[in-house]
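Peer 1:
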Amino acid sequence: MQNEEFIVISFSSSHHAMAAEAAACEIDDLNGIRLIPIMPEISAGCGFVLKIKPEQKEVVIKLLTENGIEFSKIFLVRKENGIKTFSQII
Amino acid sequence: MIYFDNSATTIHKPKEVAQEVYRGISCEEFGNPGRGMHGAAHKALSQLLKTRKAVARLFNIKNPLSVALCQNGSAAVNLTVKGLKDIFSEGSHVITTCFEHNSVLRPLYQAEEKGLQLSVLEPDKDTAQFNIENAIRKNTKAVVITHCSNVVGTVTDLEKVHSVCKKYGLVMIVDGAQSAGTMPIDFSLFENSIFCFTGHKGLYGPQGTGGIILNGSFNLSPVFSGGSGSDSFNRNHPSIMPDVFETGTMNVPSFMGLTAGCNFIAEKTCANIKKKLEYLRDCFIFGIKDITDIKIYGEDFDCSFGSSIAINIGKVNSAEAGTYLWENFGIATRSGAHCAPLLHKYFGTEKQGMVRFSFSVFNTEQEIQSGVQALHKTAKALLKS
């Protein structure tokens, strides 16, 4: 089973989540970033999280801040042997 | 029909507006925005963001999430007045004007019944502007003011109002029902202000659309509670923008139409639209000013005007004149009282009402000339009887 590490950003509003995805789509380096269904392990407001690569974290946070998009929490997700672990970063 | 009732609603829309509303239903691609992870829910949510972006662009607002969408101008003002509990509360003082529409007056009267102190200003007789500074008290929290009178068309100088609000730390709340789309508005200039608008007049969107634009941070409370598509286990409706003012399933097809209306205006530019409306208004006034016993309300004010012109012919009841214009010439105007009761009191037309002509960018000079001729004939006929 393939191991994976990524970051998810949660939002308290689906409108903010959508705005985050749309803002990311306008930047070439962030192409491919998309909303995915929220994992049951994360307690957050809306049904989406923005899935990004760990190395994109700073750029994305800057992007959200500049665009007035409010996020709730940020988690590092490690997927090893089919088991996901969540560490809250922010 | 010659339609001169555009301040009530515009009925000639850009074709893209109707196409988008139709597409919103017929393409079977738009679900319930944000309710579910499937493509249809995602696409609908994306359309609402497009509407916010189109509105934000028109008013030069950077963050589209500062735009909440609702049914119309009245809903926008109600949500604002009832959602800003710190401001419209017992013991606070708010300033408004006698030129307001009932969409502003009635929510304020409701707040007044709960202990809000309200001052209603009359305009300066020369400029039609309002001396806000004189009315400020220690407990004054906000000014609620129309940008453009729905009856006589006088335009409020928002820069002056805002400078007073800024000096005294007041929130400026603008009723932009008549001004949105009909004149350039850079709302980014007005910090700590809120703009309420409707979508079906100068923005050429469908009826049942409108919104609220925030410029600043406000302590907002939801007026309605219910489905939000988020924070489901919270007993309370979210207080974040735009969710705080958007309850339940949104009218996605109509907001798609509003997006098209906003884009149409952005392409034409508000400056050019304003120029055309001023030209039509000037042509009309030039053509009717010599009619015997005609009264053009507010004509002598030294200020900018929107597209509305309110008149009466002698003592002829406005409803009679409006009916005559419709039945004999197929000209649609608005007569009677115009949901602005204090304005009628100011001009002394509570009983007679006023006949309002209001133009859109789709009206032609030829229609104006037909209207002028019809009004001459109407005056002749009704003054004789």
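Chains A and B, in that order, are what the protein sequence lines are. Those letters in the first sequence? Residues 947 to 1036, per our numbering, in order. Those letters in the second sequence? Residues 65 to 449, per our numbering, in order. Cβ atoms here follow ideal geometry from the backbone N, Cα and C, with glycine treated the same way. All values reported here derive from a predicted model rather than from experimental measurement.
On the three-state DSSP scale, how would you describe Thr144 of chain B?
Peer 2: Counting from 1 along the second sequence, the entry for residue 144 of chain B is found at position 80. Thr144 of chain B: helix per DSSP, three-state reduction.
Peer 1: What in chain B is Cβ-close to Met964 of chain A, meaning under 9 Å?
Peer 2: Taking the first residue of the first sequence as 1, we reach residue 964 of chain A at position 18. In chain order: Pro97, Gly98, His106, Leu109, Ser110, Leu112 and Leu113.
Peer 1: When DSSP builds the beta bridges, which residues end up paired with Pro983 of chain A?
Peer 2: Position 37 of the first sequence, counted from the first residue, corresponds to residue 983 of chain A. For Pro983 of chain A, which the question treats as bridged, DSSP gives the partners A:Phe994.
Peer 1: If you draw a straight line from the alpha carbon of Phe1021 of chain A to that of Gly290 of chain B, how long is it in whole angstroms?
Peer 2: Sequence index remark: in the first sequence, residue 1021 of chain A carries index 75 (1-based). Sequence index remark: in the second sequence, residue 290 of chain B carries index 226 (1-based). Near 29 Å, if we compare the C-alpha coordinates of Gly290 of chain B and Phe1021 of chain A.
Peer 1: Using 8 Å as the threshold, is the segment 248-257 of chain B in touch with the segment 391-409 of chain B, meaning 3 or more CB pairs across them?
Peer 2: These segments do not touch.
Peer 1: Check each candidate in B:Val219, B:Ala324, B:Asp295 and B:Gly179 and name the one with the smallest Cα separation from Thr311 of chain B.
Peer 2: Counted from its first residue, the second sequence places residue 311 of chain B at position 247. Considering only alpha carbons, the answer is B:Asp295.
Peer 1: Is Gln181 of chain B helix, strand or coil when you go by DSSP?
Peer 2: Indexing the second sequence from 1 puts residue 181 of chain B at position 117. Of the three classes helix, strand and coil, the one that applies to Gln181 of chain B here is strand, per DSSP.
Peer 1: Go through the segment 354-383 of chain B residue by residue and report every complete run of the beta strand (DSSP E) that reaches 3 residues or more, in order.
Peer 2: 358-360 and 372-377
Peer 1: Return no unless some Cβ of chain B is closer than 8 Å to the Cβ of Cys971 of chain A.
Peer 2: As a working mapping, residue 971 of chain A is identified with position 25 in the first sequence. So no, Cys971 of chain A is outside the interface.
Peer 1: Check each residue of the segment 1009-1024 of chain A: if its Cβ is closer than 7 Å to any Cβ of chain B, include it; give the result in chain order.
Peer 2: Asn1013, Gly1014, Ile1015 and Glu1016
Peer 1: As an exercise, report each continuous alpha helix (DSSP H) stretch of at least 4 residues that is fully enclosed by the segment 148-177 of chain B, in chain order.
Peer 2: 166-177
Peer 1: Which residues bound the alpha helix (DSSP H) around Glu342 of chain B?
Peer 2: The count along the second sequence starts at 1 and reaches residue 342 of chain B at position 278. That run of the alpha helix (DSSP H) goes Cys334 to Ile352.
Peer 1: Where does the unbroken alpha helix (DSSP H) through Ile304 of chain B begin, and where does it stop?
Peer 2: Taking the first residue of the second sequence as position 1, residue 304 of chain B is located at position 240. For Ile304 of chain B, there is no enclosing alpha helix (DSSP H), since its DSSP letter is neither H nor E.
Peer 1: Would you say Gly993 of chain A lies against chain B (beta-carbon separation less than 8 Å)?
Peer 2: Here residue 993 of chain A refers to the residue found at position 47 when the first sequence is read from its first residue. With 8 Å as the cut-off, Gly993 of chain A counts as an interface residue toward chain B.
Peer 1: Determine, for Ser956 of chain A, whether the minimum Cβ-Cβ distance to residues of chain B falls below 8 Å.
Peer 2: Locating residue 956 of chain A in the first sequence gives position 10, where the first residue counts as 1. Answer no: the Cβ-Cβ gap between Ser956 of chain A and chain B never drops below 8 Å.
Peer 1: How far does the alpha helix (DSSP H) with Gln83 of chain B in it extend, from its first residue to its last?
Peer 2: If you number the second sequence from 1, residue 83 of chain B lands on position 19. Looking at the DSSP string, the run of the alpha helix (DSSP H) that includes Gln83 of chain B is Lys79 to Ser90.
Peer 1: Distance cutoff 8 Å, beta carbons only. Does Pro986 of chain A sit that close to anything in chain B?
Peer 2: If you number the first sequence from 1, residue 986 of chain A lands on position 40. No, because no Cβ of chain B sits closer than 8 Å to the Cβ of Pro986 of chain A.
Peer 1: CB of Ala206 of chain B to nearest heavy atom of the ligand SAH: below 7 Å?
Peer 2: The ligand SAH is absent from the structure shown, which contains no ligands of any kind.
Peer 1: Can you tell me where the beta strand (DSSP E) holding Val219 of chain B begins and where it ends?
Peer 2: Within the second sequence, numbered from 1, the residue matching residue 219 of chain B stands at position 155. Taken as a continuous stretch (DSSP letters only), Val219 of chain B belongs to no beta strand (DSSP E), as it is neither H nor E.
Peer 1: Please return the same chain residues whose Cβ sits closer than 7 Å to the Cβ of Ser434 of chain B, not counting the five positions on each side in sequence.
Peer 2: Mapped onto the second sequence, residue 434 of chain B falls at position 370. Ile66, listed in sequence order.
Peer 1: Check whether chain B comes within 8 Å of Pro1000 of chain A, counting only Cβ atoms and requiring the distance to be less than that.
Peer 2: Within the first sequence, residue 1000 of chain A is the residue found at index 54, counting from 1. Put simply, the CB of Pro1000 of chain A is far from chain B, with every gap to its CB atoms at 8 Å or more.
Peer 1: Closest by CA to Cys91 of chain B, which one among B:Pro302, B:Pro128, B:Phe251 and B:Ala104?
Peer 2: For the purposes of this step, residue 91 of chain B is identified with residue 27 of the second sequence, where counting begins at 1. Minimum Cα distance to Cys91 of chain B is reached at B:Ala104.
Peer 1: Within the chosen definition, does the segment 157-167 of chain B reach the segment 70-79 of chain B through at least 3 CB pairs nearer than 8 Å?
Peer 2: no
Peer 1: Is Cys326 of chain B near Leu267 of chain B, with beta carbons less than 8 Å apart?
Peer 2: The sequence position of residue 326 of chain B within the second sequence is 262, counting from 1. The sequence position of residue 267 of chain B within the second sequence is 203, counting from 1. Yes, they are a contact pair.
Peer 1: Grab the span of the alpha helix (DSSP H) containing Ile1007 of chain A for me, first residue to last.
Peer 2: Here residue 1007 of chain A refers to the residue found at position 61 when the first sequence is read from its first residue. It spans Lys1003 to Glu1012 - the alpha helix (DSSP H) in which Ile1007 of chain A sits, taken as one unbroken run.
Peer 1: Give me the chain B residues within the contact set of Ser959 of chain A, using Cβ-Cβ distance strictly less than 7 Å, ordered along the chain.
Peer 2: One-based indexing of the first sequence puts residue 959 of chain A at position 13. Near Ser959 of chain A (Cβ distances below 7 Å), the residues of chain B are Ser294, Pro302, Ile304 and Asp307.
Peer 1: Which two residues bound the contiguous alpha helix (DSSP H) that contains Gln433 of chain B?
Peer 2: Within the second sequence, residue 433 of chain B is the residue found at index 369, counting from 1. Here the alpha helix (DSSP H) through Gln433 of chain B covers Glu429 to Lys448.
Peer 1: Is there a Cβ from chain A that is less than 8 Å from the Cβ of Pro317 of chain B?
Peer 2: Here residue 317 of chain B corresponds to residue number 253 of the second sequence, with the count starting at 1. False, the Cβ-Cβ gap to chain A never drops below 8 Å.
Peer 1: Can you tell me which of the three DSSP states Glu93 of chain B falls into?
Peer 2: For the purposes of this step, residue 93 of chain B is taken as the residue at position 29 of the second sequence. DSSP places Glu93 of chain B in coil when its eight states are reduced to three.
Peer 1: Can you check whether the C-beta of Asn127 of chain B is within less than 8 Å of a C-beta belonging to chain A?
Peer 2: Here residue 127 of chain B corresponds to residue number 63 of the second sequence, with the count starting at 1. It does; some Cβ of chain A falls within 8 Å.
Peer 1: Reducing DSSP to helix, strand and coil, say where Asp190 of chain B ends up.
Peer 2: What you label residue 190 of chain B is simply residue 126 of the second sequence in a count that begins at 1. Reduced to three states, the DSSP call for Asp190 of chain B is coil.
Peer 1: Ala206 of chain B and Val158 of chain B: beta carbons closer than 8 Å?
Peer 2: Residue 206 of chain B sits at position 142 when you count from the first residue of the second sequence. Residue 158 of chain B sits at position 94 when you count from the first residue of the second sequence. The answer is yes: Cβ separation under 8 Å.
Peer 1: So which residues on chain A does Met101 of chain B lean against when the C-beta distance must stay under 7 Å?
Peer 2: Position 37 of the second sequence, counted from the start, is the residue given in the question as residue 101 of chain B. By Cβ distance, chain A contributes Pro983 and Gly993.
Peer 1: When you compare only the Cα positions, how much space is there between Ala966 of chain A and Val219 of chain B?
Peer 2: Taking the first sequence and counting its residues from 1, the one referred to as residue 966 of chain A is at position 20. Taking the second sequence and counting its residues from 1, the one referred to as residue 219 of chain B is at position 155. Distance between the alpha carbons of Ala966 of chain A and Val219 of chain B is about 38 Å.
Peer 1: Whole-angstrom Cβ separation of Val419 of chain B and Asn392 of chain B, contact assumed at under 8 Å?
Peer 2: For the purposes of this step, residue 419 of chain B is taken as residue 355 along the second sequence, with counting starting at 1. For the purposes of this step, residue 392 of chain B is taken as residue 328 along the second sequence, with counting starting at 1. That pair is no contact at about 14 Å.
Peer 1: Considering only C-alpha positions, which residue in the set B:Tyr410, B:Gly378 and B:Glu331 is nearest to Arg121 of chain B?
Peer 2: Within the second sequence, residue 121 of chain B is the residue found at index 57, counting from 1. Measuring from the Cα of Arg121 of chain B, the nearest candidate turns out to be B:Glu331.
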